[in-house]
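For the sequence shown, the UniProt record's numbering gives the first residue as 1, with consecutive numbering after it. Glycine included, every Cβ here is placed at the ideal spot set by N, Cα and C. A quick note: this is a predicted structure, and the numbers were derived from the prediction, not measured.
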Amino acid sequence: MKIQRLTIAGFGPYKDEQQIDFERFDDDGIFLITGKTGAGKSSLLDAICFALYSGVPRYDGTQSRLRSDYCEPGDSTFVELQFTVHGTSYRVRRSPEYERPKKSGSGTTPQKATAELFRLTDGVWEGIAARPVDVATELDAILGLTKDQFLQVILLAQNRFQQFLLAKNDERQAVLRTLFGTKRFEQMELALVARSKDLAAQLDSSGGSLQSQAALAAGLVQQEAPTQPALAWFDEILAELTDAHARAAEAATVADAEFSTADAEHRALQDTRRRQLRRDSARSTLETFETQTEAIEADRETLDRARRASSVWAHVAARRGAESAHQRAVEAEKEKTERYSALLEGAIDIDAETLGKVIDELARSLGTLQGIVADERTLHRLRGEVERLEKVHADREADVAAATHRVAELPGQLHAVAEELSVAKVTAASLPEAKAKVARLEVARSAAQRAATLDRKLTEARFTEKDASAAHLAAATRLDELFTARLNGHAGELARALVAGDPCAVCGSPEHPKPASWDGDEITEADMAAARAAVADRRSELDDATAIAQDLATRLAAEQARAESKPLDEIDAELADATLELIDLETAAEQVVGYEARQAALRAELDTATESLTALRADSARASTGVAEAATRLTEATTRVTEHRSGFESVAERAAELERRLEAARDLLDAMATTQTRQAALAAATETLADQLAENDCADEAAVDAARRGAAEIASLDTRIREFDNAVASARSTLAEPELADLPADLIDLSAAESLVAETRSSRDAALQAASSLSERVGQLGAIVCRVRTEQEASAALREEYEHVRALASAVQGNEPNTKRMRLETYVLAAQLEEIVTAANARLGTMTSGRYTLQHDDSVQYRNTRSGLGLAILDEHTGRARPTHSLSGGETFLASLALALGLAEVVTNQAGGISLDTLFIDEGFGSLDGDTLEIAMSTLDSLRSGGRTIGLISHVDAMKEQIHAKLRIDVTDSGASRVAVSTVPLGFELV
């Protein structure tokens, strides 16, 4: 696997988009990731891990912390990683979940996590997955490594480097379990233990099961259970209970037959009594209705007369209505005659034919006057029209005069505006130069202000740098003093151990003429390590202070150059003068725009006024013609109206009089026709009524009035008669039924039969209950006997299985007969650990000049605690193995590095032989002395074979000097970080 390219934005300390091409370091093989503490070196490794596994070792479970605190609300956050596995290039892009502004309204809303995966095929990126869950599934198959394996094999993260070497047995087991997936062996162990417990519980329960079954069986037969129940006892009581059930079943059959006989006799008596009751009810009903016969017959006669009167009544009403209508028509004709006579101012005697001719003559006269009435109505409008047109003509003449005046004065105004415009353009020509001057002075002023601030900060930074230098010198002096004191202490310790005549451990001489002495405090390795760490810390602080001072000095020089080396007060004065000049020029420029707009407006107005004058002259001519035409129409209409008044005040008044006469004549003619029609209808209705009276046997209209009844009364009479007839018929029909014949006269008594039924039912129910109870107890006892027989057959096989499972579960738990006290999973992991130790020793021997060798320790631990995954270090100088915790800081780092590389090799081989072309190591080199550092670097250099690239994160100055290919992380003024890359010419050799 090879990491090729990383792009990040809005991630950790990186606000803006950063692109890192790791392939630029392929020729170097090793590159250093360097920068200030907290600049974001480890964040690059976090980004790689997040891209591949959607999580980082430092913030697992808190994706929201991955978004940069420097991001604006609208900035995006993403990581894009390009890598190669088995020759195929892939690109994964992820964004964590974070809060973004709402698209509408105020506040924020969660932005969901996203992920996309692409594969490079024939030079084109094709999409593979576009959801986080799908991307994770695809990457699992592509990478072949879990996140924990990746962090142990490719990305050795900060604070995780030495964990594996110094871990306890259980902690190391947890790491190895994750890397090699041996959780299934622990699950197998738990399954065996659970099975053993289950079988033991089954055996325990089977012992007491027989007694409990015997107690249940004894309860069913109401006996005492024997102390040692045997299967024969269960069979014996089952046979006895079965016989008792057979006897009870026979008794229940007899009782049921007796009940059936008594019940049948009772039902027959009930039916006879029911028929007797029906017979007596029908007789009583018939007797009651026979007393109402006379009244019902009277009702029948009344109903018949009412129905005949109802048939004639419509004709009676019709004749009376025709008579009333004829009377109203006669009265109306009289009223219309009087009205028409009044209009003619005298009584008249006229028939319908003559009246029709009068109506025709009046209609013709009115038709002639309609047009004249219309002319009369328009006289006022025509007079107003003439007056309006005369006023319009006068207004048009006034408009023509005003337009002529305006066209004459506009050329002079245009000439004046053109002169003012020319003067303003000359003045505004200097505006661009004035704007540029003001902008240049504003830039210089801002630079001068920043320069003043930077000058103050630089003074403070110089003092800080001086203090840091003094602190570094003091720490270095202290380290030298401790080193000298430690050497003296070692010499004194050796001198105290000398024995006269025995060879010296240093020089081998048996004589000791001048042994060294030392009476000071013992200087331990921890004291030396603390002093070295203090020197490194002070050196780092000095480097930081120097870098800050140099950065401030550079920025100060740049700002002074932007300020044109002028003081702030001089720049302010020049800026004030230039600003006033700019205001004047901008005013002139605004005037140019105004004059040009005024000139264009006047020209447009002149064109418009000229066109308007022509149109107004044409309108005035049309208005004059309109006045003459309207006067002619008024004269003609007045003449026609005067000719048709005929003595009336107006033609309309004459037409209204003729309209009234015509209306009265038409009303009178209609009334005469109506009278004749109503008279004929009355004669027809009278004749029809006479026929209907004879047909329905009614003497006259008075007889009809006397016989008439209301609809409700008729319905009531009809209902009463029908109910009477139906009831009598029903009672007679019931008495005629065959089942009511030959019945006893007196009602039958049922009490004796009911008592017998109740008695036999009770006997039957008791017998059935006894038989059912015995049947249920026989079934329960039979099931108990069956279970007892089955349990006794299975108990022998169960005990044999339990012994086998118990022994196996004890062994895989590390108990007897397991002499190594090793669990099953630990045993499997121990084999993996042996492979890791073998691979690690191949490098550790080189890095420690053959002094140290890692050993797999599977001995039984203190107080028989679990064993199998221990690590020890064999010191070739003493020939003894000792705990890994006894190593010094530098030795611990070398052993951890060798173990990590060995672990990476084994995990890689078992992950399908994936090629590790990229390796990252975060910190740890600061604990090495110079010689050991060179050995460690040589070991890392050997890993470059085959095109492998190694990225290191460290603050060690010697590594900064030796590794010229660097990925530098700078912190900007805003606090956010950015990435810079520096390399060395080809041919550089790491030493």
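| Query | Result |
| --- | --- |
| Residue environment, H804, which counts as buried when at least 16 other CB atoms sit within 10 Å | exposed |
| CB-CB length for L322 against L669, believed under 8 angstroms | Checking the sequence shown, residue 322 turns out to be Ala, not Leu. Wrong, their Cβ atoms sit about 23 angstroms apart, outside the cutoff. |
| Beta carbon of V641 nearer than 8 angstroms to that of D375 | yes |
| Unbroken alpha helix (DSSP H) run spanning G879, endpoints | Looking at the DSSP string, G879 is not in any alpha helix (DSSP H), and its letter there is neither H nor E. |
| CB of M528 within 8 angstroms of CB of R486, strictly | yes |
| Per-residue DSSP class, three states only, for G951 | strand |
| Coarse secondary structure for H804, derived from DSSP in three states | helix |
| Range covered by the alpha helix (DSSP H) that runs through T677 | V651 to E695 |
| Classification of G367 by the beta-carbon crowding that lies within 10 angstroms, buried from 16 upward | exposed |
| Where T786 falls, given that 16 or more other Cβ within 10 Å makes a residue buried | The sequence shown places Cys at residue 786, rather than the Thr named in the question. Exposed. |
| Whole-angstrom distance between T378 and V386, CA atom to CA atom | 12 angstroms |
| Classification of G814 by the beta-carbon crowding that lies within 10 angstroms, buried from 16 upward | buried |
| Ranges of the beta strand (DSSP E) found wholly within the stretch 268-301, counting only runs of at least 3 | none |
| Rounded Cβ spacing between L454 and L602 (contact assumed at less than 8 angstroms) | Not really, about 59 angstroms apart at Cβ, beyond 8 angstroms. |
| Residues that DSSP places opposite V438 in a beta bridge | Bridge partners of V438: none, in fact. |
| A715, DSSP secondary structure in three states | helix |
| Residue burial classification, M1 (beta-carbon count within 10 angstroms, cutoff 16) | buried |
| Cβ pair S430, L585 closer than 8 angstroms | yes |
| Proximity of L781 and A248 at Cβ, strictly below 8 angstroms | no |
| Per-residue DSSP class, three states only, for A225 | coil |
| Boundaries (first-last residue) of the alpha helix (DSSP H) holding F893 | G889 to Q910 |
| Residue burial classification, I583 (beta-carbon count within 10 angstroms, cutoff 16) | exposed |
| Spatial distance of A282 from L735 (CA atoms) | 7 angstroms |
| Reference E793; option with closest CA among V426, L210 and D705 | L210 |
| Backbone CA spacing between A325 and E361 [nearest angstrom] | 32 angstroms |
| Distance between beta carbons of L52 and V92, contact taken as under 8 angstroms | 7 angstroms |
| Cβ-heavy atom distance, L897 to the ligand HEM, below 7 angstroms | Among the components of this structure there are no ligands whatsoever, and the ligand HEM is therefore not found. |
| Through-space distance from I237 to E224, alpha-carbon basis | 11 angstroms |
| Residue from N818, Q19, Y802 and A141 whose Cα sits closest to the Cα of L192 | Y802 |
| Residues near A392 in its chain [Cβ-Cβ closer than 8 angstroms; skip 5 each side] | Inspection of the sequence shows that residue 392 is occupied by Val rather than by Ala. Excluding residues within five positions, the ones whose Cβ falls inside 8 angstroms are A623 and G626. |
| Classification of H315 by the beta-carbon crowding that lies within 10 angstroms, buried from 16 upward | buried |
| Touching by the beta-carbon criterion (3+ pairs, under 8 angstroms), the stretch 850-861 and the stretch 823-836 | yes |
| L606 to V407 span [Cα, whole Å] | 6 angstroms |
| Where the beta strand (DSSP E) containing H856 begins and where it ends | Y852 to D857 |
| As assigned by DSSP and simplified to three states, the class of E816 | coil |
| Rounded Cβ spacing between I950 and I30 (contact assumed at less than 8 angstroms) | 5 angstroms |
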